[in-house]
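Protein sequences appear in the order of chains S and F.
Our numbering puts the last residue of the first sequence at 186; the count rises by one with no breaks.
Our numbering puts the last residue of the second sequence at 186; the count rises by one with no breaks.
Backbone N, C-alpha and C fix where the C-beta goes; we use that ideal spot for every residue, glycine too.
Here the structure is a predicted model, which means the values were calculated and not measured.
Notes for the one structure printed next.
Protein chains: 2
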Amino acid sequence: MDFSAATLLVVDVQRGIDELGPGQRNNPQAEDNIERLINAWRDSAKRIVHVKHNSVSPGSPLRPEHPGNAFKPQALPVTGEDIFEKTVNSAFIGTGLEQHLKENNISSLVIVGLTTDHCVSTTTRMAGNLGFDVALVSDATATFAKTGPDGNVYDAEQVHQINLSSLDGEFCQVVTTENVLAAF
Amino acid sequence: MDFSAATLLVVDVQRGIDELGPGQRNNPQAEDNIERLINAWRDSAKRIVHVKHNSVSPGSPLRPEHPGNAFKPQALPVTGEDIFEKTVNSAFIGTGLEQHLKENNISSLVIVGLTTDHCVSTTTRMAGNLGFDVALVSDATATFAKTGPDGNVYDAEQVHQINLSSLDGEFCQVVTTENVLAAF
């Protein structure tokens, strides 16, 4: 993929994510990498699409009326950048995102955001299955530790890496921030 | 969920899956558990929907003209059971499955099939995000070892369990064959 010709899709980089969990997170540098990528896109006047989660779950920090719904400072949209709001994990369900991308002849996406195994994975899977060429930036996404239905606790880095291994080559190409920035 | 009132969704239980990989698989008993669940559904005259993957990838054992496209003997559909054919991982993309379920007032699904982290995960995620109440049967699905983009090899059971931990409580309830059969 020619990264510099792709649209940057920024998924759920919102303050309330920090209140999710519970527990340990990986990739503390993810938001800074997202900011570097956003800046590269802006510097070359390429298209950025932001996705925002408006939770409908009681008590979620991502509900629209909660301060946690706000974008993190590293991923604040600016005038001219589109924002698609959603209520489920996939950015393609209940939104006009697919139609918007197709109407604008966008065929390739570079995906970043939070969290690796929930909204990012689901959006990446649907993007690939809907026919888009997708690159997922491993160090510009992150997740939390999880307790499995088997009762075992899996640390955040394990959950992150194994989810990437399930996506890579099947739904997307997994790349790094440096891989992408090298194209600019 | 009242399992006995749900529709059983059987994903990609096809012979060619055995030729995928490469490598080690977990849950060798998955197909036998799928057969036990299918029999329980048939014995109580509940609805079963089969999903079949017709690959469009060159050389795939799941291409329609390849013998591997056939259903495995444990999951052969019988007259009166619907079959939805797909070309991507999600059973909801490029098929009439969502409309079929909604037209038939089906709101809850028990999902089984192959493989955990590709077609089963993607179908489970979309089913949950589309508003269905979903149970995923952990020992009636299986997957293969994977090499991650980090270069590490993850064994099949690790890939399976961590993918389930990412799905459980977010997109579905992860259950066992015995949990489900107890409702019949």
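Top-ranked residue by Cα proximity to residue i, from the options
i	options	result
residue 74/S	91/S, 58/S, 108/S and 37/S	37/S
residue 125/S	28/S, 67/S and 99/S	99/S
residue 176/S	138/S, 162/S, 155/S and 184/S	138/S
residue 53/F	174/F, 17/F, 40/F and 88/F	88/F
residue 94/F	127/S, 9/S, 49/S and 10/S	127/S
residue 155/S	164/F, 48/F and 8/F	164/F
residue 85/F	14/F, 179/F, 4/F and 186/F	14/F
residue 130/F	149/F, 97/F and 169/F	169/F
residue 160/S	140/S, 96/S, 39/S and 79/S	140/S
residue 57/F	72/F, 118/F and 134/F	72/F
residue 134/F	162/F, 117/F, 16/F and 174/F	174/F
residue 82/F	44/F, 25/F, 162/F and 18/F	44/F
residue 116/S	67/S, 180/S, 92/S and 3/S	92/S
residue 35/S	25/S, 114/S, 64/S and 90/S	114/S
residue 64/S	25/S, 186/S, 121/S and 149/S	121/S
residue 68/S	55/S, 4/S and 119/S	55/S
residue 62/S	17/S, 104/S and 50/S	17/S
residue 50/S	171/S, 153/S, 119/S and 9/S	9/S
residue 40/S	3/S, 78/S, 172/S and 149/S	78/S
residue 172/S	103/S, 4/S, 107/S and 123/S	123/S
residue 26/S	149/S, 181/S, 107/S and 153/S	149/S
residue 162/S	186/S, 181/S, 118/S and 185/S	118/S
residue 186/S	105/S, 46/S and 19/S	46/S
residue 104/F	132/F, 59/F and 4/F	132/F
residue 70/S	60/S, 19/S and 96/S	19/S
Opposing strand residues paired with residue i [DSSP bridges]
i	result
residue 175/F	137/F
residue 90/S	In DSSP, residue 90/S forms no bridge with anything.
residue 147/S	Residue 147/S is not bridged to any residue.
residue 11/F	51/F and 113/F
residue 155/F	149/F
Within chain B, partners of residue i - CB distance below 8 Å
i	result
residue 172/F	Absent from the structure is chain B; the protein chains it does hold are S and F.
Bounding residues of the beta strand (DSSP E) (the contiguous stretch that carries residue i)
i	result
residue 161/F	Careful: residue 161/F lies outside any beta strand (DSSP E), inside the alpha helix (DSSP H) at 158-169.
residue 111/S	110-116
Presumed contact (8 Å Cβ cut-off) between residue i and residue j, rounded CB distance
i	j	result
residue 157/S	residue 147/S	5 Å
residue 76/S	residue 21/S	Not quite, the Cβ-Cβ distance comes to about 17 Å (not below 8 Å), so this is no contact.
residue 112/S	residue 11/S	7 Å
residue 167/F	residue 151/S	7 Å
residue 28/S	residue 145/S	7 Å
residue 48/F	residue 6/F	7 Å
Terminal residues of the alpha helix (DSSP H) in which residue i lies
i	result
residue 106/S	First-last for residue 106/S: undefined, no H or E at that position.
residue 128/F	123-131
Could I get the ranges of all uninterrupted beta strand (DSSP E) runs contained in the segment 13-85 of chain S, with 3 residues as the minimum, in chain order?
50-55
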